[in-house]
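Novice:
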Amino acid sequence: MVTLAYHRQGSGPPLVLLHGLGHRRQGWDPVVPLLAERHDVVAVDLPGFGASPACGGARWREDLSVAVAEFTADLGLDRPHVAGNSLGGALALELAAAGQVASATALAPAGFWTTWERRWALALLHTLRSVAFLPDPVLGAAARSARVRTLAYGLLVGRPDRLTAELVLADALAMRSGPAFRAVARHGRDYALRGKPRCPVTVAWGTHDRLLLHRQAARARALLPDARHVDLPGCGHSPMNDDPELVASVICQTTGTEGRR
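In our numbering, the protein residues as written are 1 to 261.
1. Grab the span of the beta strand (DSSP E) containing Pro14 for me, first residue to last.
2. Taking the alpha carbon of Ala92 as the reference point, which residue from His208, Gly158 and Gly195 has its own alpha carbon closest?
3. Below 8 angstroms on the Cβ atoms is my contact criterion, and I expect Ser42 with Pro14 to pass it. Report the Cβ-Cβ distance as a whole number of Å.
4. Output needed for Asn241: all residues of its chain with C-beta closer than 6 angstroms, excluding positions within five of it in sequence on either side, in chain order.
5. Helix or strand or just coil, what does DSSP make of Ser249?
6. Quick one: what's got a C-beta closer than 6 angstroms to Arg8's C-beta in the same chain, skipping five residues either side?
7. For Ala5, which residues of its own chain have a beta-carbon under 8 angstroms away from its beta-carbon, when the five flanking residues on both sides are left out?
8. Nearest to His187 by CA position, among Pro160, Leu134, Arg119 and Ala36, is which residue?
9. Report the three-state DSSP secondary structure of Asp63 (helix, strand or coil).
10. Taking Cβ to Cβ, would you say Ser103 is nearer than 7 angstroms to Thr255?
11. Determine the closest residue to Arg221 out of Trp113, Trp60 and Ala67, with distance taken between C-alpha atoms.
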């Protein structure tokens, strides 16, 4: 049995939410109440991140996507819908290619990068994690500075002014304490999606994504011609804070529940 920390809310067809590298399930908090009006929402901490222990290996396809599939099976969820951001978006596409989900929504999924773009993204995340190891009083003071929040998190979101000091500090501490960060990042250097999804898929990209640059959306369109491709105007790499209503709408259009309550 795979033991992962999760938050569950709402009723309807099951929908599993997957976060990015170094993040945690709380990144989906602005969107969960909107999705819970239509879905039984399960926001998950991936193995070795947030409150979940590291379990098994750190390979994206062979370990993390398998762990998510086993976790959903343990919950009794038969082919749930899935949505993921960044690393979580790549895992959502892997689950779709394996025929294990009813639909997949991938927000700025990793894996459509060039070598330079991959190095940029991983170097940036490693830098942010290094900053998280500052002494707690210094880290807390930095989180309370609106200028510092804009400088650091402006690389991850389109609207850093919407982030509170408490949220930024909690995210930094989660990134610092995630035992799987280095191993998962290392395996990401060789990752690329190989299979083809077997269910409805949407790939959505923030037009202001500075981590996995928006131009990568064009490669996703070429490699996944049968998927629906959507731009998220004004959104950064993690669009859940930037425009929760738009993100929820894109997901519900993919699951076929848009307009339902």
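Don't be surprised by glycine CBs; every beta carbon is placed ideally from N, CA and C. Since we're looking at a predicted model, the values are computed, not measured.
Specialist: Considering the structure as presented:
1. Pro14 to Leu18 is the span of the beta strand (DSSP E), which, as asked, contains Pro14.
2. Taking only the C-alpha atoms, the option nearest Ala92 is Gly195.
3. Reading the sequence as shown, one finds Val at residue 42 and not Ser. Confirmed, Cβ separation roughly 7 angstroms.
4. Pro30, Val157 and Arg162, listed in sequence order.
5. When DSSP states are grouped into helix, strand and coil, Ser249 belongs to the helix group.
6. So the list reads Val42, once near-sequence residues are dropped.
7. If we look at Ala5 and ignore the five residues flanking it on each side, its Cβ neighbours are Arg25, Val44, Asp45, Gly50, Ala51 and Ser52.
8. Measuring from the Cα of His187, the nearest candidate turns out to be Arg119.
9. Reduced to three states, the DSSP call for Asp63 is helix.
10. At a Cβ-Cβ threshold of 7 angstroms, Ser103 and Thr255 count as neighbours.
11. Residue Trp113 is the option with its Cα nearest to Arg221.
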